[in-house]
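One structure below.
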Amino acid sequence: MSGYSIGIDFGTESGRVIVVEVSTGTIKAISTVPYKHGVMVDVLPTDQSVQIPHDFALQHPQDYLDVLYNGIPTAMKEANIHPHELIGVGIDFTSSTFLCVKENLDPLCSLKEYENNPHAWVKLWKHHGPKEEAQALLDKALYEKSEWLRRYGFTVSTEWFIPKCLETINHAPDVYEATDYMLEAGDWIVAKLTGEVVRSNCSLGFKAFWSEEEGFPKKFFEELNPTLGQMVHTKLQGKVGKVGQRAGVLTEEVANSLGLPKGLPVGVSIIDAHSALLGVGASRSNQLTMVMGTSTCHMTLNEEFIQVPGISGVVNDGILPGFYAYEAGQSAVGDLFGWYVKQAPSSYVEEAKKQNLSLFTYLESLAIQKEPGETGLIALDWHNGNRSVLSDSNLTGTLIGLTLQTKPEDIYRAYLEATAFGSKIIIDNFESWGIAIDRVYACGGLPQKNELLMQIYADVLNREIHVSSTDHASGIGAAMLGAAAGGLELEEVVQSMKQPFLKTYYPKPNHVEKYETLFELYKEIHDEFGYKRPHVMKRLKQMTV
Numbered sequence: 002m003s004g005y006s007i008g009i010d011f012g013t014e015s016g017r018v019i020v021v022e023v024s025t026g027t028i029k030a031i032s033t034v035p036y037k038h039g040v041m042v043d044v045l046p047t048d049q050s051v052q053i054p055h056d057f058a059l060q061h062p063q064d065y066l067d068v069l070y071n072g073i074p075t076a077m078k079e080a081n082i083h084p085h086e087l088i089g090v091g092i093d094f095t096s097s098t099f100l101c102v103k104e105n106l107d108p109l110c111s112l113k114e115y116e117n118n119p120h121a122w123v124k125l126w127k128h129h130g131p132k133e134e135a136q137a138l139l140d141k142a143l144y145e146k147s148e149w150l151r152r153y154g155f156t157v158s159t160e161w162f163i164p165k166c167l168e169t170i171n172h173a174p175d176v177y178e179a180t181d182y183m184l185e186a187g188d189w190i191v192a193k194l195t196g197e198v199v200r201s202n203c204s205l206g207f208k209a210f211w212s213e214e215e216g217f218p219k220k221f222f223e224e225l226n227p228t229l230g231q232m233v234h235t236k237l238q239g240k241v242g243k244v245g246q247r248a249g250v251l252t253e254e255v256a257n258s259l260g261l262p263k264g265l266p267v268g269v270s271i272i273d274a275h276s277a278l279l280g281v282g283a284s285r286s287n288q289l290t291m292v293m294g295t296s297t298c299h300m301t302l303n304e305e306f307i308q309v310p311g312i313s314g315v316v317n318d319g320i321l322p323g324f325y326a327y328e329a330g331q332s333a334v335g336d337l338f339g340w341y342v343k344q345a346p347s348s349y350v351e352e353a354k355k356q357n358l359s360l361f362t363y364l365e366s367l368a369i370q371k372e373p374g375e376t377g378l379i380a381l382d383w384h385n386g387n388r389s390v391l392s393d394s395n396l397t398g399t400l401i402g403l404t405l406q407t408k409p410e411d412i413y414r415a416y417l418e419a420t421a422f423g424s425k426i427i428i429d430n431f432e433s434w435g436i437a438i439d440r441v442y443a444c445g446g447l448p449q450k451n452e453l454l455m456q457i458y459a460d461v462l463n464r465e466i467h468v469s470s471t472d473h474a475s476g477i478g479a480a481m482l483g484a485a486a487g488g489l490e491l492e493e494v495v496q497s498m499k500q501p502f503l504k505t506y507y508p509k510p511n512h513v514e515k516y517e518t519l520f521e522l523y524k525e526i527h528d529e530f531g532y533k534r535p536h537v538m539k540r541l542k543q544m545t546v
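When the letters of the sequence shown are read in order and numbered with our numbering, they come out as residues 2 to 546.
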């Protein structure tokens with residue numbers, strides 16, 4: 002195996018282009034391109050007077066194209082390789098990120114008549130607008146005991162593709178009528194590169210109620226909303242490709258613009274967290290990968306199909322051929338820490354500057370001095386809703402135990418612990434339904450940067466945590482899929498390109514015992530506000546709208 006592959010990793014705030022040597026997994030170059038418009042939650046860029054509705058999270062599709070046209074040439078120059086040494090290109094994308102496009106693949110928001118309609122813009126994964134639509138889908142599926150719902154842990158999330166489709170139908174019928182394709186953003190990028198619409202079985206299976214055996218639940222859609230049923234035959238057209246397969250090749254126009262060879266193979270897109278599983282090499286059953294960034298996804302493979310409540314989905318061949326891929330997750334992790342750091346008092350900001358430390362590092366240096374339980378605090382990490390196992394985006398965060406002696410670092414540590422407790426809920430849920438977890442990996446933007454966080458996870462989970470040496474595991478996985486698109490066997494590519502581990506965190510027995518007590522309290526609060534009294538949070542949230 003000789004040559005190089007390009008992996009393009011589209012995240013929440015930026016995109017990364019990674020050039021990787023196929024035979025060794027050596028990263029030759031990385032080019033990171035921040036999204037100029039970021040996550041749009043206040044006003045549209047076309048008209049500052051157009052307010053974006055509450056709970057919307059939108060993005061600008063041009064930001065994604067900038068990753069291609071700025072990032073690829075920069076990465077290739079840094080890699081200092083000849084373009085003809087490339088084998089293929091792979092794409093991963095945070096999901097479900099949804100957009101409406103014309104037949105020529107122009108997004109609706111790029112057209113003058115729709116540029117001021119929020120529904121014409123990209124709806125990011127954490128867009129929580131379609132609450133009523135998600136609830137309607139869930140209620141009908143539960144009432145009818147729909148078989149397809151079993152694959153989604155008996156839940157429907159506002160973050161998924163079909164609720165966003167139905168939201169567009171209900172609230173922006175003009176946008177819907179003008180749309181030729183409703184696409185996952187990853188599939189849109191592949192289509193822009195190849196000129197062909199090829200939908201990923203990974204995105205369809207995890208986010209759109211599709212299965213290889215049954216396709217979409219067309220009758221269900223038709224009964225819920227006739228337009229939704231019709232959409233299957235119109236807006237959801239396109240071939241379905243499997244992860245690891247070739248979606249197409251670069252068009253001559255695109256190849257010339259990017260300085261790449263015409264006909265360079267492009268792989269079927271994959272969800273970013275799922276791609277990271279490949280990047281760390283977790284290619285066996287009973288291995289769980291925590292992809293820890295703005296949110297956390299918990300991915301595991303198994304040779305059997307097992308119905309697990311509260312997960313985000315299970316898809317056959319969704320990541321690797323021959324395995325069922327299972328997904329669960331938490332909606333706010335890095336986002337939660339970032340939000341809290343912005344609340345730090347000015348004295349902490351000044352002291353961090355004086356010590357030439359980031360606020361994150363400064364708070365960690367104080368929080369690490371505390372023992373488990375010493376803060377007297379327990380938090381619920383639901384600041385962006387709960388993805389697993391409650392699957393309720395209307396839940397909100399909670400902090401219990403505040404006193405006049407509570408310090409900012411105490412709260413920071415409580416939030417770190419809360420995300421670890423949330424992960425334990427997810428792992429315990431997997432195991433209680435028959436999916437054993439024998440080994441835990443961590444990758445993403447957080448594990449390499451926060452030793453306290455990872456030690457807390459090892460202590461709370463009472464497991465060794467193996468941290469990847471790269472925070473670009475998703476991009477490495479995408480590069481693997483690029484190599485597979487170029488004709489190499491995916492399983493072999495995973496073994497040759499997987500990244501080494503930076504460090505293993507081991508649970509400390511004295512901490513484990515204390516966290517077992519704290520987790521019992523967390524579980525009580527989790528169940529109280531998640532199952533018994535969720536109306537408390539929901540009524541409060543309704544008052545903010």
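Cβ coordinates follow ideal geometry from the N, Cα and C atoms, glycine included.
Rounded separation between residue i and residue j - CA only
| i | j | result |
| --- | --- | --- |
| L522 | E365 | 24 Å |
| G445 | N451 | 12 Å |
| H473 | A479 | 10 Å |
| H512 | G91 | 42 Å |
| H129 | T159 | 5 Å |
| T471 | R534 | 41 Å |
| S111 | L125 | 17 Å |
| L360 | V350 | 7 Å |
| F547 | Q356 | Here the chain covers residues 2 to 546 and nothing more, so residue 547 does not appear. |
| G335 | C298 | 12 Å |
| Q449 | L229 | 44 Å |
| H172 | K220 | 22 Å |
| Y70 | A192 | 15 Å |
| E493 | Y115 | 46 Å |
| M232 | E328 | 26 Å |
| R540 | K524 | 22 Å |
| K236 | G216 | 15 Å |
| V123 | L59 | 5 Å |
| G280 | L265 | 22 Å |
| P174 | N117 | 15 Å |
| L278 | E305 | 18 Å |
Contact check, residue i vs residue j, beta carbons under 8 Å
| i | j | result |
| --- | --- | --- |
| D67 | K37 | yes |
| I379 | G398 | no |
| P108 | P62 | yes |
| N385 | A326 | no |
| T195 | A248 | yes |
| V241 | N202 | yes |
| V244 | G154 | no |
| I457 | L289 | no |
| G16 | G72 | yes |
| I272 | F520 | no |
| V309 | I190 | no |
| V23 | S497 | yes |
| Y363 | E352 | yes |
| S96 | K208 | yes |
| C101 | T180 | yes |
Residue environment, residue i, which counts as buried when at least 16 other CB atoms sit within 10 Å
| i | result |
| --- | --- |
| L150 | buried |
| L302 | buried |
| N387 | buried |
| V157 | buried |
| F99 | buried |
| S3 | exposed |
| S347 | exposed |
| Y442 | buried |
| S433 | exposed |
| G206 | buried |
| M77 | buried |
| P164 | buried |
| K146 | exposed |
| D439 | exposed |
| L167 | buried |
### Query
Of all the alpha helix (DSSP H) runs that stay within the bounds of the region 108-174, which reach a length of 4 or more residues?
With a minimum length of 4 residues, the continuous alpha helix (DSSP H) runs that stay inside the region 108-174 are 132-145, 162-172.
#### Entry: In chain order, each alpha helix (DSSP H) run of at least 4 residues that lies wholly inside the region 386-456
Complete alpha helix (DSSP H) runs here, min 4: 409-433.
### Message
I want to know whether the region 137-145 touches the region 179-198 - three or more CB-CB distances under 8 Å.
### Response
The region 137-145 is not in contact with the region 179-198.
### Task
Run through the region 262-297 for me and flag every whole beta strand (DSSP E) of 3 or more residues, listed as ranges in chain order.
Taking 3 residues as the minimum length, the beta strand (DSSP E) runs contained wholly in the region 262-297 are 266-268, 288-293, in order along the chain.
### Segments of 3+ residues assigned as beta strand (DSSP E) that fall wholly inside the region 30-56
For the region 30-56, whole beta strand (DSSP E) runs of length 3 or above, ordered along the chain, are 48-52.
### Message
Any contact between the region 481-498 and the region 340-347? By contact I mean 3 or more CB pairs, one from each, below 8 Å.
### Response
Because the criterion of three Cβ pairs below 8 Å is not met, the region 481-498 and the region 340-347 do not touch.
### Query
In chain order, which continuous runs of the beta strand (DSSP E) of length 3 or greater are located wholly inside the region 77-110?
Taking only runs of at least 3 residues, the beta strand (DSSP E) segments lying wholly in the region 77-110 are 87-94, 99-102.
### Query
Is the region 216-235 touching the region 274-285, taking contact as three or more C-beta pairs under 8 Å?
Touching, no, given that fewer than three Cβ pairs across the two stretches are closer than 8 Å.
### Task
Could you tell me which uninterrupted beta strand (DSSP E) segments, each at least 3 residues in length, are contained entirely in the region 309-349, listed from first to last along the chain?
For the region 309-349, whole beta strand (DSSP E) runs of length 3 or above, ordered along the chain, are 314-317, 325-331.
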